[in-house]
Each structure stands twice: as structure tokens, then as C-alpha cells.
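At position 57 of the sequence shown (counting the first as 1) the number is 72 in this note's numbering, and the numbers step up by one without a gap. Even for Gly, the Cβ is constructed at its ideal location relative to N, Cα and C. Notes follow once the structure below has been shown.
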Amino acid sequence: MPELTLQDIIKPENQVYVKTKLMTDNTLSYCPGCGHGTAHRLIMEVIEELGRENETIGIAPVGCSVLAYEFLNVDMQEAAHGRAPAVATAIKRLWPGKTVFSYQGDGDLAAIGTSETIHVCNRGEQIVMIFINNGIYGMTGGQMAPTTLPNMKTSTSPFGREVLTMGNPLKMTELVAQLPGTYYVTRQAVHTPSAVRKSKRAIRKAFQNQLDGIPGVSFVEIVSNCNSGWKMTPTDSNVWMEENMFPFYELGDLKVNGEIVPKK
């Protein structure tokens with residue numbers, strides 16, 4: 016069998032993956048091993064496949080992904096810390112024909128933005144919300160977040176999160192699933208090829224719901240690692256995530272077509 020040349024490999028019929036044109040060539044500012052880059056790619060692939068690149072507006076958060084507009088080649092709007100859902104609401108109501116999504120971390124969505132999140136989900140705004148949960152404030156030094164696990168060590172809980180004095184972790188996805196304004200609520204991950212495929216299907220469903228004119232929020236949580244904040248290698252952080260984050264933040268659909276999914 017003759018050897019493949021470079022020209023053979025780059026022929027369209029031989030390519031198994033092509034980078035979406037909706038990811039810019041800017042170098043990602045995220046730490047090596049972080050899940051943000053993969054989440055970015057999946058969202059942009061879905062938008063491109065749906066043919067909505069010229070009709071999409073994303074809302075960038077405050078946090079590690081504050082510079083999302085440098086990497087996502089669609090119209091983007093920055094929002095004050097935690098206010099992305101409110102900004103997304105205004106844009107969608109002013110331009111109902113646009114595809115609108117917010118992209119937020121746990122410090123943005125589940126801390127300073129809790130009120131915005133709850134009321135947008137309760138009203139049933141026709142937007143997509145992408146929620147990246149790594150259980151820590153990654154950008155500002157690894158402090159304890161509302162999503163930090165019990166006994167999990169952070170820079171502000173060096174002996175571990177003590178529930179008695181520091182409270183319980185906030186399960187935002189379970190919380191918003193109970194609200195009447197959410198139509199699709201799911202929790203996924205991006206640390207393995209299988210998880211990436213499931214996340215992409217979830218993200219596509221969320222955006223398709225909006226395109227179909229279905230009233231209600233489509234809410235996609237992605238449980239991710241923070242190897243820098245957790246003080247681990249990327250590989251070790253993924254193992255720790257599987258062993259500790261997933262039992263607490265269980266992956267899977269919580270609400271589909273407006274109906275709560277019964278637990279197995």
C-alpha cells in the first residue's frame with residue numbers, strides 16, 4: 016500500500032476533523048488541560064452546523080472566560096459580573112430572531128449572578144445558558160465558590176469546606192430544573208471523547224430548542240476541572256473530578272421538554 020502524502024491527508028474526503036471557522040486563531044488564555052477550550056469549540060461547531068453564525072449573539076462573563084469574545088468568532092457582548100442572563104434577556108427581546116446564549120462560570124452564574132439566573136429561568140426567557148462548573152474561583156486565586164464540595168480545600172478553605180460554618184454547595188442545575196420557565200436542563204462534561212460527544216448533543220439540543228421557538232430556558236451545565244486551582248496535573252484533576260465531582264454533581268438530563276426526568 017503506497018504511503019500517504021500530506022496532500023492525501025488534507026483532501027476533504029480523508030479528513031476526520033476540521034476546525035470550525037467560528038473559533039479564531041487567537042491563543043487561548045486558559046491553563047493547559049482546562050475544559051473551557053473544549054466547551055468553546057463545541058458551542059461554535061453547533062452554531063456553524065446550524066448555519067447561525069451570522070445570527071448569533073453570545074454574552075461573555077466575568078471570570079476565566081472573560082475574554083471569550085477573543086476566541087468565539089460570532090457577535091459577543093460583555094456583561095457586568097453575574098449579569099449575563101439579564102443582558103441576554105434584553106438582546107433576545109429586542110431581536111427575537113437572533114440566537115442568544117450566555118456563557119458563565121460558577122463564580123459568575125452561581126454567586127454574584129444567582130438572582131439573575133433564578134429570575135431568568137423562572138420567567139422562561141428563550142435563551143441558552145451554558146454553565147461551566149469547576150467548583151472553585153479559578154481566575155482570582157482558587158478561592159472557595161458556592162459550588163465547592165464539602166471538605167474540598169481551596170485558598171480560602173485550606174482545611175476543607177466545613178458545611179456547618181461555610182454552608183452546603185449550591186446545586187444550581189437541580190435548582191433551576193424545578194422552575195417552570197426551564198424547558199431543557201442537563202449536566203455534562205468534556206474530559207473524555209465520549210463525554211465530549213454527549214455534551215455536543217446536549218448543546219445542539221439546547222440551541223435547536225431556541226431555533227424551534229420553544230419558550231423557556233435551555234440550561235447546560237458542564238462540570239469541568241481546574242487543575243491550576245486544584246493544584247493538580249491535568250490528568251490527575253480529571254481523575255479527581257470523576258471520583259469527587261461526579262458523585263455530587265451527577266451527569267445526565269434533569270429536565271427534558273419541560274418535564275423533570277425521574278431519577279433511576
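By the CB criterion at 8 angstroms, L194 and N137 fall inside the cutoff. Closest in C-alpha terms to T171, from the list L266, G157, G182, comes G157. Within the region 166-226, the complete alpha helix (DSSP H) segments at least 4 residues long are 178-181, 187-192, 208-226, listed from N- to C-terminus.
The beta-bridge partner set that DSSP reports for A75 consists of E93. Contact between the region 160-170 and the region 219-231 is absent: fewer than 3 CB-CB pairs across the two stretches fall below 8 angstroms. In this model, V77 and K278 are separated by some 34 angstroms (Cα to Cα). Taking one beta carbon from each stretch, the region 211-222 and the region 172-183 have fewer than 3 pairs nearer than 8 angstroms; the two do not touch. Residue state for Y84 is assigned as helix, using DSSP reduced to three classes. In the pairwise beta carbon analysis, the region 31-49 is classified as not touching the region 109-123: fewer than three pairs are separated by under 8 angstroms. I147 and E18 have their alpha carbons spaced roughly 43 angstroms apart. When DSSP states are grouped into helix, strand and coil, G267 belongs to the strand group.
Between A204 and L109, the alpha-carbon positions lie close to 32 angstroms from each other. Residue pairing of V235 in beta bridges, as defined by DSSP: I145, T201. Spatial neighbours of G50 in its own chain (CB-CB distance under 8 angstroms, excluding positions within 5 residues in sequence) are listed in chain order as I147, N149, A204, V205, H206, I237, S239, N240. When DSSP reads this structure, I275 sits in a beta bridge with K270. Residue pairing of T42 in beta bridges, as defined by DSSP: absent, with no partner found. The C-beta distance from I142 to A103 rounds to 5 angstroms, short enough to meet the 8 angstroms contact threshold. Take the alpha-carbon of E68 and the one of R216: they are about 18 angstroms apart. The distance from the Cβ of Y118 to that of A83 is about 6 angstroms, consistent with a contact at the 8 angstroms cut-off.
Pairing K107 with Y199 gives a Cβ-Cβ distance that is not under 8 angstroms.
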